[in-house]
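Chemist:
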Amino acid sequence: MRSNDVKEKLNKLKMEAANEIGMTQYVKENNDHYKGDLPSKVNGAQGGPIGGRMVQKMIQSEESRLSGS
Numbered sequence: 001m002r003s004n005d006v007k008e009k010l011n012k013l014k015m016e017a018a019n020e021i022g023m024t025q026y027v028k029e030n031n032d033h034y035k036g037d038l039p040s041k042v043n044g045a046q047g048g049p050i051g052g053r054m055v056q057k058m059i060q061s062e063e064s065r066l067s068g069s
């Protein structure tokens with residue numbers, strides 16, 4: 001799989017995860033404001049749940065693939 005294909009799939013997964021938890025306003029593609037001046041606590045509170053949901057979805061996908069479902 002090419003690098004661009006992987007990036008596209010990860011971006012799609014990120015948008016799906018953010019949409020599921022109602023946090024699409026924090027996705028970089030929807031909000032390209034500079035965030036370098038924000039404390040890590042704020043950035044983590046905004047982006048952490050999205051990344052966490054992405055991991056959950058990846059685990060669910062792999063478990064489903066391994067179980068043959």
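Under full-length UniProt numbering, the first residue of the sequence shown carries the number 1, and numbering increases by one thereafter.
No residue lacks a Cβ here, since even glycine has one placed at the ideal position from N, Cα and C.
By DSSP, does Pro39 sit in helix, in strand, or in coil?
Modeler: Coil, per DSSP.
Chemist: Report the CB separation of Ile21 from Ile59 in whole angstroms; it is logged as a contact under 8 Å.
Modeler: Wrong, their Cβ atoms sit about 16 Å apart, outside the cutoff.
Chemist: Across the segment 31–38 and the segment 5–22, are there enough close Cβ pairs to call them in contact, namely three or more that are closer than 8 Å?
Modeler: At 8 Å Cβ cutoff, the stretches do not touch.
Chemist: Can you give me the C-alpha to C-alpha distance between residue 104 and Lys57, rounded to a whole angstrom?
Modeler: Nothing about residue 104 can be reported from this structure: the residues present for the chain run from 1 to 69 only.
Chemist: Would Arg53 be called buried (16 or more neighbouring beta carbons within 10 Å of its own) or exposed?
Modeler: Classification of Arg53: buried, given that the 10 Å Cβ count is 16 or more.
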